[in-house]
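Peer 1:
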Amino acid sequence: MANLTTKELSAIDDQLSLEETMIKKYKMFSQSCTDPQLKTKCEQIAAKHQEHYTRLLNQLN
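Quick note on my numbering: the sequence shown kicks off at 3 and runs consecutively.
#1: How would you call Glu53, buried or exposed, if buried means at least 16 neighbouring beta carbons within 10 angstroms?
#2: Taking the alpha-carbon positions, what's the Ser19 to Leu6 distance?
#3: Just verifying my parser: in three-state terms, what is the DSSP assignment at Thr7?
#4: Less than 8 Å between the beta carbons of Cys44 and Tyr28, yes or no?
#5: So, Ile14 versus Gln61, is the Cβ gap smaller than 8 Å?
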């Protein structure tokens, strides 16, 4: 992997923060859902954002 510029690192850091926020929100949404299908969909979306977060974090290693 090539060395990342300060601008690229900043963009990744910003995106990590956004992904973390989305994970928390969709987990919260899933906990408040009474519809099982909607609950499952929120859990799936939270998991997808977790994947994004992990991939971005791996770019820093």
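Just so it is clear, CB atoms sit at the ideal spot from N, CA and C, and this is done for glycine as well.
Peer 2: Looking at the coordinates:
#1: What you label residue 53 is simply residue 51 of the sequence shown in a count that begins at 1. The residue in question, Glu53, is exposed, as its Cβ has fewer than 16 Cβ neighbours within 10 Å.
#2: By one-based count along the sequence shown, residue 19 stands at place 17. By one-based count along the sequence shown, residue 6 stands at place 4. Straight-line Cα distance between these residues: approximately 18 Å.
#3: Taking the sequence shown and counting its residues from 1, the one referred to as residue 7 is at position 5. It is coil, neither helix nor strand.
#4: As a working mapping, residue 44 is identified with position 42 in the sequence shown. As a working mapping, residue 28 is identified with position 26 in the sequence shown. Going by C-beta atoms, Cys44 is nearer than 8 Å to Tyr28.
#5: For the purposes of this step, residue 14 is identified with residue 12 of the sequence shown, where counting begins at 1. For the purposes of this step, residue 61 is identified with residue 59 of the sequence shown, where counting begins at 1. Result yes, Cβ atoms of Ile14 and Gln61 sit closer than 8 Å.
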